[in-house]
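To start, the structure under review is shown below, and the notes come after it.
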Amino acid sequence: MKVTESEEFGAMVENLRTPDCEHEDDEKTETRNAGLPPLGSPLADYDASGLQIIMNDDLEELKELGSGTFGTVYHGKWRGSDVAIKRIKKSCFAGRSSEQERLTGEFWGEAEILSKLHHPNVVAFYGVVKDGPGGTLATVTEYMVDGSLRHVLVRKDRHLDRRKRLIIAMDAAFGMEYLHAKNIVHFDLKCDNLLVNLKDPSRPICKVGDFGLSKIKRNTLVSGGVRGTLPWMAPELLNGSSSKVSEKVDVFSFGIVLWEILTGEEPYANMHYGAIIGGIVNNTLRPTIPTYCDSDWRILMEECWAPNPTARPSFTEIAGRLRVMTTAVTSNQSKPPAHNKASK
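Okay, so the sequence shown: first residue is 1 according to the UniProt record's numbering, each after it adds one.
Structure (structure tokens):
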């Protein structure tokens, strides 16, 4: 249900934009492409200083991991290390020049953002490829062996107990806390864009990835517009009340992510676009919380998806609360059952 993949969705939300949204376009382009190649300029002219340029011949593609409208991700090797290679599809460069320029700008935007991020809960960036097949572009990033959290949640052979789910949520919150400290708003936070490594059976690792829609925030607000993936989108992105939004749009998305982690399901999976939009805009729609959800998780989740952005907690607070919850569960699991002594 990605916005960019649905003409139907685009038509539905077009009338939700505020009248002055059109005037944001220049600022939006400037914000997203600060330090990037001017639209229409030859890619070869871009000064990629600060970005590692990786030759396509130095990469080995091992397996396709997934494919979307604009790109395909592969598991590969670079200098003997496992990497993820995200290539923009050739078909993206066969359309209008304006579309080519937009995609090129988004590619360099994501690369520029990734290259400046260094945190254990954010996917590591290695470099960009400019000489892919047919002149296509690619990013090379850290490979997470178990793929997306969404993929893990739907696998029947992977059981995540409460402690592991808390650790995964806490890791994601730490990654988002770091991004917001860097004034970066993700705009597409969901389990599909959280990558995990379950190699250590006692300590899963989760990292924030996919920065294709991210924007650098100036001052306190960032130009929003309709962007993201519908079930995870905050009301203020859809209701047309303002063309400016805060980083709290990511906190709303995280509330939905907490529900995903809790249930393993995808929100509003059987609902039509129109019903979802109306429910989010009118604040009458949130995922149904199962009865087995404990009060701490429920309260945090509901605070994250609060209708009023200012009522939502920061990721610093979220991470702190998840740390306390994780510590409590770990402590309880380490205690021997009370009946053990009596049974001996």
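Ideal Cβ positions, reconstructed from N, Cα and C, are used throughout, including at glycine.
Residue ranges of uninterrupted alpha helix (DSSP H) with 4 or more members, entirely inside the segment 291-326 and ordered along the chain, are 295-304. When DSSP states are grouped into helix, strand and coil, isoleucine 53 belongs to the strand group. The beta carbon of valine 145 sits closer than 7 Å to those of Asn197, Lys199, all from its chain and outside the five residues before and after it, given in chain order. Around glutamate 61, the same chain offers Tyr74, Gly76, Ile85 as residues with beta carbons nearer than 7 Å, after the five sequence neighbours per side are excluded. Under the three-state reduction of DSSP output, alanine 234 falls in the coil class, being neither helix nor strand.
Per the coordinates, the alpha-carbon of arginine 312 lies some 21 Å from the alpha-carbon of isoleucine 276. Taking a C-beta distance under 8 Å as the contact criterion, valine 249 and valine 185 qualify as a contact pair.
Proximity to leucine 322 across Thr310, Asn308, Cys304 peaks at Cys304, based on C-alpha coordinates. In the displayed model, threonine 284 falls within coil according to three-state DSSP, outside both helix and strand.
Listed in chain order, the non-local C-beta contacts of aspartate 131 below 7 Å within the same chain comprise Met55, Asn56, local neighbours out to five positions each way being set aside. Here the alpha carbons of tryptophan 108 and serine 295 stand approximately 43 Å from one another. If you ignore the 5 residues before and after glutamate 142, its C-beta comes within less than 6 Å of the C-beta of Val123, Ala124, all in its own chain and listed in chain order. Under the DSSP assignment, glycine 255 falls in the alpha helix (DSSP H) whose first and last residues are 248-263. Here the C-alpha atom of alanine 328 lies approximately 16 Å from the C-alpha atom of leucine 300.
In chain order, Pro235, Leu238, Asn239 place their CB closer than 7 Å to the CB of valine 281, counting only its own chain and leaving out the 5 sequence neighbours on each side.
Residue pairing by DSSP places tryptophan 78 opposite Leu59, Ser81 in a beta bridge. The C-beta distance from glycine 127 to leucine 51 rounds to 7 Å, short enough to meet the 8 Å contact threshold.
Take the alpha-carbon of tyrosine 178 and the one of histidine 119: they are about 7 Å apart. Across the set Asn308, Pro309, Ile168, Met176, the C-alpha of Ile168 shows the shortest separation from the C-alpha of arginine 203. Within the segment 168-198, the runs of beta strand (DSSP E) that reach at least 3 residues and sit entirely inside it are, in chain order, 194-197.
Judged by DSSP in its simplified three-state form, phenylalanine 70 adopts coil rather than helix or strand.
Taking C-beta atoms as the reference points, threonine 136 and arginine 96 fail to come closer than 8 Å.
The alpha-carbon separation between asparagine 283 and serine 314 amounts to approximately 21 Å. In this structure, valine 245 and leucine 189 do not form a Cβ contact; the two beta carbons are roughly 14 Å apart against a cut-off of 8 Å. Here glycine 278 carries a helix assignment [DSSP, helix/strand/coil].
Serine 115 has no beta-bridge partner at all, per DSSP. Ranking Ser115, Arg102, Val140 by CA distance to the CA of valine 83 puts Val140 first. Beyond the five residues adjoining it in sequence on each side, arginine 162 comes within less than 7 Å, by CB distance, of Val329 in the same chain, given in chain order.
DSSP, read as helix, strand or coil, puts phenylalanine 107 in helix. Excluding sequence positions up to five before and after threonine 72, its CB lies within less than 8 Å of the CB of Glu64, Gly66, Lys86, Arg87, Lys89, all in the same chain and listed in chain order.
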